[in-house]
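Top to bottom, those sequences are chains U and S. Heads up: the first sequence begins at 1016 in the working numbering, then just goes up one per residue. Heads up: the second sequence begins at 179 in the working numbering, then just goes up one per residue. Before any comments, here is the structure.
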Amino acid sequence: MSEVRYTDQHEWIRLDGDEATVGITKYAAESLGDVVFVELPASGKAVTAGGEAAVVESVKAASDIYAPAGGTVSAANPELEATPSKVNEDPEGEGWFFKLKNVNKDEFGKLMDADAYAKFVEGL
Amino acid sequence: MTDENLRRTPLYALHLELGGKMVPFAGYEMPVQYPAGVLKEHLHTREKAGLFDVSHMGQGFLAGDTAALERVTPADVAGLKDGMQRYGLLLGDTGTILDDFMFSRLAGETDLYLVVNAGTKEADFAHIGEKLKGVATITPRFDRALLALQGPAAAAALERHSPGISDLTFMQVKRTTVAGAPAIISRTGYTGEDGFEISIEGTDAEKVARALLAEAEVLPIGLGARDSLRLEAGLCLYGHDIDDTINPAEASLMWSIGKRRKEAKDFPAGEKIMAGGFAKKLVGIRPEGRAPAREGTEIADKSGRVIGKVTSGGFGPSLNAPLAMGYVETAFAAAGTPVDLMVRGKALPAIVSSMPFVPHNYRRPQK
């Protein structure tokens, strides 16, 4: 069973058993505008909660993407190199950024759930 | 600057109605993009036609001895023929660039029509007024609106509202009407595409803009796409690629200096600028990978020594690749020179490139 949580920096993280998938939310993708390049972390890289993990370049600017929870990068989305526009087309699906193993479950548990994130975005 | 101090063009309400995302720019609230987004707006302009509100730019008329404008620009003003527009640089006393601007000699009129950049317009006209004191007077017309209609379908769309306008060729200008409103229209622009710049009374702006937007080929285009279009076309943005620390030789803008002026060297720092031998030069740069290098990115040689800095950089939707402009030490300015761009601590390989990055598509007169 998978569970999705959100950060106030507009990343999402979906935990499936021991592995998590990370991306940016629809709100973030719309704010960034057309994505033209994504710099992804290498497999094996250790990331910390709130630490820089990736960079997304839109037609407007470069933005840092932070790891929602600590862990070790186990995969980066190979599709994004050739088609970074997937981030705009399907930010919370095919436009995922990277996968994590050894996820810090305590940090994951403290993140916003879908309802809390929806309220957070509404208040912006 | 707080929002209350930002000025608005006569099309402000229309921008909001069209869903424009408004941002502060050169003291104005301007649309950076509309719902279509920067990428689509850019590509649409290159394929069909885009309408830009550039009413924030400074328009004015110079009366009197207009050739005296040559005191502050190295462009050939005296030699500009009736019905023609020209690009010029406004130079300070030491030969650095205070602004770049367009000037027009309208057929049968003695005044010169000027268009300068938004962020510098007050200072530009003050400088011109001071340097030409007693011989010519400048009358700002910041109340006028300016629209740019750019792209391969621009002529067909504008012709329906300004019959005969498509007879103009690149850099020609005339007084005419558009959608019934009196206008000064030139076949110019800043996208590299064929197109027109349309100067009208501020009170006519919304009527004219709505008439043009009603044409099937025309979409409204924001500042975001305006920037990527001009960068692909290899055109400088004042305050970024050129400013008052840079001279025309460093900026690779010697083509804007008239032949007669080059020979006479009769402009600010003329001897020095014509002598050349400057340490740095503005060049185009093509990153080899997909990562854009933004303004401020350091440029290094292959040994890691910093040799310059990016002044404009981003992604070119028509090029489908990143692109940049920047200053490098003159020894590295030749097209084809390999360099590195220092992006987030990494050296990304790039090549010094000739400009434009995307070929210009101007309607030049048939020879």
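Glycine residues also receive a C-beta, built at the ideal position from the N, C-alpha and C atoms. For clarity, every value in this text was computed on a predicted model and none was experimentally measured.
9 Å Cβ cut-off: residues of chain S touching residue i
i        : result
F1146(U) : Here chain U comprises residues numbered 1016 to 1139, so residue 1146(U) is not present and cannot be evaluated.
Where the beta strand (DSSP E) containing residue i begins and where it ends
i        : result
A314(S)  : 314-318
Q376(S)  : The question names Gln, but residue 376(S) is Ile in the sequence shown. Looking at the DSSP string, the run of the beta strand (DSSP E) that includes I376(S) is 373-378.
S1046(U) : It is not in any beta strand (DSSP E) - S1046(U) instead sits in the alpha helix (DSSP H) that spans 1041-1047.
A453(S)  : Run containing A453(S): none in the beta strand (DSSP E); it sits in the alpha helix (DSSP H), 448-453.
K487(S)  : 484-494
T1087(U) : 1086-1091
V1053(U) : 1050-1054
K1155(U) : Nothing about residue 1155(U) can be reported from this structure: the residues present for chain U run from 1016 to 1139 only.
R1029(U) : 1026-1031
E308(S)  : Segment 299-309 is the alpha helix (DSSP H) holding E308(S); no beta strand (DSSP E) there.
L324(S)  : 323-328
E507(S)  : 499-507
G1124(U) : Looking at the DSSP string, G1124(U) is not in any beta strand (DSSP E); the run it does join, the alpha helix (DSSP H), is 1120-1124.
L460(S)  : 458-465
L413(S)  : Note, L413(S): premise wrong, no beta strand (DSSP E); not H, not E.
E207(S)  : 206-211
M520(S)  : 516-521
Nearest-angstrom Cβ-Cβ length linking residue i and residue j, presumed shorter than 8 Å
i        : j        : result
R439(S)  : D254(S)  : 6 Å
S434(S)  : R224(S)  : About 25 Å; that fails the 8 Å criterion.
G1066(U) : Y1081(U) : 6 Å
G273(S)  : K450(S)  : 6 Å
D1049(U) : N1092(U) : Not a contact, Cβ separation roughly 18 Å.
Y368(S)  : L401(S)  : Not a contact, Cβ separation roughly 12 Å.
D1033(U) : K1114(U) : With a Cβ gap of about 11 Å, D1033(U) and K1114(U) do not count as contacting.
L310(S)  : A246(S)  : 5 Å
V461(S)  : R472(S)  : Not really, about 17 Å apart at Cβ, beyond 8 Å.
F1052(U) : P1083(U) : At roughly 22 Å, the Cβ-Cβ gap does not stay under 8 Å, so F1052(U) and P1083(U) are not in contact.
R408(S)  : L415(S)  : 6 Å
V517(S)  : D479(S)  : 6 Å
G370(S)  : A411(S)  : 3 Å
T169(S)  : S233(S)  : As shown, chain S starts at 179 and ends at 545. That puts residue 169(S) outside it, with no answer to give.
Assigned secondary structure, residue i (DSSP; H/G/I helix, E/B strand, else coil)
i        : result
G242(S)  : strand
M200(S)  : strand
V536(S)  : coil
T423(S)  : coil
S282(S)  : strand
M179(S)  : Low per-residue confidence applies at M179(S): pLDDT is 46, beneath 50, and the placement is therefore not dependable enough to give any value.
I435(S)  : coil
D444(S)  : coil
F230(S)  : strand
E219(S)  : helix
A1131(U) : helix
V276(S)  : Correcting the residue type first, residue 276(S) is Leu in the shown sequence and not Val. If DSSP states are grouped into helix, strand and coil, L276(S) belongs with the strands.
L526(S)  : strand
E1109(U) : coil
L247(S)  : helix
K1060(U) : coil
G270(S)  : coil
G236(S)  : strand
E428(S)  : coil
D255(S)  : Note on identity: in this sequence residue 255(S) is Val, with Asp being the wrong assignment. If DSSP states are grouped into helix, strand and coil, V255(S) belongs with coil.
E225(S)  : helix
Chain U residues whose Cβ lies nearer than 7 Å to that of residue i
i       : result
L217(S) : D1049, V1074
R522(S) : V1070
S282(S) : Per Cβ cutoff of 7 Å: no residues; S282(S) is ~33 Å from chain U at best.
Chain-ordered neighbours of residue i on chain S, where CB pairs are closer than 7 Å
i        : result
A1077(U) : R472
Residue span of the alpha helix (DSSP H) that contains residue i, given as start and end
i        : result
E1094(U) : 1094-1097
Y190(S)  : 190-195
K1101(U) : 1101-1104
D981(U)  : Lying before the first or after the last residue shown, residue 981(U) is absent from chain U, which here runs from 1016 to 1139.
E1067(U) : First-last for E1067(U): 1067-1073, but that is the beta strand (DSSP E), not the alpha helix (DSSP H).
Closer than 8 Å at the beta carbon, the chain U residues around residue i
i       : result
Q544(S) : Within 8 Å Cβ-Cβ: nothing; Q544(S) doesn't reach chain U, min ~37 Å.
G402(S) : G1048, V1074, K1075
Q211(S) : G1048
Contact set between residue i and chain U, taken where Cβ atoms lie within less than 9 Å
i       : result
S406(S) : V1074
CB contact check: residue i to chain A, cutoff 8 Å
i       : result
V536(S) : Of the protein chains in this structure, namely U and S, none is chain A.
Legend entry - Minimum length 4: unbroken alpha helix (DSSP H) runs contained in the segment 333-411 of chain S: 383-391, 401-410
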